[in-house]
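Single-structure report; data block below.
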Amino acid sequence: MQIFGVDIGGSGIKGAPVDLDLGDLAEERYKVLTPHPATPDAVADGVKEVVGHFGWAGPVGITFPGVVTGGATIRTAANVDKSWIDTDARALLGDRLGGLPVTLLNDADAAGVAEMQFGAGRDRQGTVILLTFGTGIGSAVFTDGVLVSNTELGHLELNGHDAEKHASTKVKDDNDLSWEHWAHRVQKYLAHVEMLFSPELFIIGGGVSRKSHKFLPLIEGIKAEMVPAQLQNNAGIVGAAMRAAKAG
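Per my numbering, the sequence shown runs over residues 697 to 944.
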């Protein structure tokens, strides 16, 4: 069974049909740059281009980099235009896609759902926290496999600022930080999250997960097991498609 998944990020909008039996992309993903400013209309045009590239005509699962309530309404927009807040994104995107059925959820939640089903969190009980490092820091928290939606742990205060302003991949790139320097920042963030939630497992996701060998071995003092996301930066696409299939 195939369902289309789209992952809206702060830097790119990417999507592909997903093979839900394998938990992997059925075709090579297509990506466009996130427009700036990333207004609802501009982003919706990007989503339309991604979906249209494949000539897709069925249900579509879409992630959003912020809090999504009721599967429709945007409540936060840290890394896209603030005009998203209070927008009925499901209606907007469904209309832009010509009335295709749209399922919408937080981007990190989507990545977490995919990792728990097909990746590093498979068959894991207890508290599991997936953290996606990219333009910001997204989070997905699971207790015995059950998702606690919209946790947004990237906005925990660290050194007087949002944690994602201190330890995201964007901060590393913008400030040309070495892997060692950045790993130390990530370590402080993980220690803070661990103090609050005491997880058994941290799954490190986002695009940087494919380079986990460069920084994970440098992180010390964390009691929880730390592993890279197995689906890497495709996890959001896969999770979006999974949620769309579940919506039926």
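Heads up, the beta-carbon is just placed ideally off N, CA and C, and yes, glycines get one too.
Quantities reported herein were computed from a predicted structural model and do not represent experimental measurements.
### Query
Is G719 closer than 8 Å to Q813 when the C-beta atoms are compared?
If you number the sequence shown from 1, residue 813 lands on position 117. If you number the sequence shown from 1, residue 719 lands on position 23. Against a cut-off of 8 Å, the Cβ pair of G719 and Q813 comes out as a contact.
### Task
Taking N802 and N846 to be in contact with their CB atoms under 8 Å, please state how far apart those CB atoms are, rounded to whole angstroms.
As a first step, residue 802 must be located in the sequence shown, where it is residue number 106. As a first step, residue 846 must be located in the sequence shown, where it is residue number 150. Contact flag correct, Cβ pair sits at about 5 Å.
### Task
Taking Q698 as part of the beta strand (DSSP E), name the residues at either end of that continuous run.
Indexing the sequence shown from 1 puts residue 698 at position 2. Unbroken beta strand (DSSP E) run through Q698: 698 to 704.
### Message
Starting from P736, trace the alpha helix (DSSP H) in both directions and tell me its first and last residue.
### Response
Taking the sequence shown and counting its residues from 1, the one referred to as residue 736 is at position 40. Element bounds for P736: 736 to 749.
### Task
Provide the residue(s) that pair with A712 in DSSP beta bridges, ordered along the chain.
The residue you call residue 712 lines up with position 16 of the sequence shown. Answer by DSSP bridge pairing, in chain order: G701.
#### Entry: Per-residue burial, S894 [other beta carbons within 10 Å of its own, 16 or more giving buried]
Reading the sequence shown from its first residue, position 198 is the one you call residue 894. Exposed, by the Cβ-count rule.
### Query
Which residue from H749, S707, A734, K861 puts its Cα closest to that of R725?
The count along the sequence shown starts at 1 and reaches residue 725 at position 29. The candidate whose alpha carbon is nearest that of R725 is H749.
#### Entry: Among Q926, M938, A940, D784, the one whose alpha carbon lies nearest that of K763
What you label residue 763 is simply residue 67 of the sequence shown in a count that begins at 1. The sequence given here places Val at residue 763; Lys does not occur at that position. When each option's Cα is compared against that of V763, the closest is D784.
### Message
Using C-beta distances below 6 Å, list every residue in its chain close to R792, excluding the 5 sequence neighbours before and after it, in chain order.
### Response
To locate residue 792, count along the sequence shown from 1; it is residue 96. Here the set comprises A740, K744.
### Own chain residues within Cβ distance below 7 Å of V809, not counting five before or after
Taking the sequence shown and counting its residues from 1, one reaches residue 809 at position 113. Excluding sequence neighbours, V809 sits near L843, G935, M938, R939.
### Query
Leaving out the 5 sequence neighbours to the left and right, which residues in its chain are closer than 7 Å to G711 when beta-carbon positions are compared?
Position 15 of the sequence shown, counted from the first residue, corresponds to residue 711. F700, G701, V702, D703, R725, Y726, V746, V747, I933.
### Query
According to DSSP, is A925 helix, strand or coil?
The count along the sequence shown starts at 1 and reaches residue 925 at position 229. Note: A925 maps to coil in three-state DSSP.
### Task
Drop a sphere of 10 angstroms on the beta-carbon of K868, count the other beta-carbons inside from all chains shown, and report buried for 16 or more, exposed for fewer.
By one-based count along the sequence shown, residue 868 stands at place 172. Burial call: buried.
### Query
Does the distance from the CB of G757 to the CB of T799 come in under 8 Å?
Position 61 of the sequence shown, counted from the start, is the residue given in the question as residue 757. Position 103 of the sequence shown, counted from the start, is the residue given in the question as residue 799. Cβ atoms of G757 and T799: closer than 8 Å.
### Task
Kindly indicate which three-state DSSP category S845 falls into: helix, strand or coil?
For the purposes of this step, residue 845 is taken as the residue at position 149 of the sequence shown. S845: coil per DSSP, three-state reduction.
### Query
Any heavy atom of the ligand FAD closer than 7 Å to the Cβ of L716?
Here there are no bound small molecules, and the ligand FAD is not part of this structure.
### Task
Consult DSSP for T823 and reduce its assignment to one of helix, strand or coil.
Sequence index remark: in the sequence shown, residue 823 carries index 127 (1-based). Looking at T823 - three-state DSSP - the assignment turns out to be strand.
### Task
Quick one: grab the DSSP three-state call for S864.
Your numbering for residue 864 matches position 168 in the sequence shown. Here S864 sits in coil by DSSP.
### Query
Given a threshold of 16 other Cβ atoms within 10 Å of its Cβ, counted over all protein chains shown, does L892 qualify as buried or as exposed?
Reading the sequence shown from its first residue, position 196 is the one you call residue 892. The residue in question, L892, is exposed, as its Cβ has fewer than 16 Cβ neighbours within 10 Å.
#### Entry: Straight-line gap, T823 to G817 (C-alpha atoms, nearest Å)
Position 127 of the sequence shown, counted from the first residue, corresponds to residue 823. Position 121 of the sequence shown, counted from the first residue, corresponds to residue 817. Roughly 10 Å separates the two Cα atoms.
### Query
Fully enclosed by the stretch 794 to 818, which alpha helix (DSSP H) runs are 4 residues long or longer?
803 to 814
### Query
Taking all protein chains shown into account, do 16 or more other C-beta atoms lie within 10 angstroms of the C-beta of E860, making it buried, or fewer, making it exposed?
For the purposes of this step, residue 860 is taken as the residue at position 164 of the sequence shown. E860 comes out buried.
### Query
In the structure shown, what three-state DSSP assignment does H877 receive?
Your numbering for residue 877 matches position 181 in the sequence shown. Note: H877 maps to helix in three-state DSSP.
### Task
Taking L912 as part of the beta strand (DSSP E), name the residues at either end of that continuous run.
On the sequence shown, position 216 is the one that residue 912 refers to. L912 -> no beta strand (DSSP E), and no H or E assigned at all.
### Message
Taking the beta carbon of P913 as the centre, do at least 16 other beta carbons fall within 10 Å, making it buried, or is it exposed?
### Response
As a first step, residue 913 must be located in the sequence shown, where it is residue number 217. It counts as exposed.
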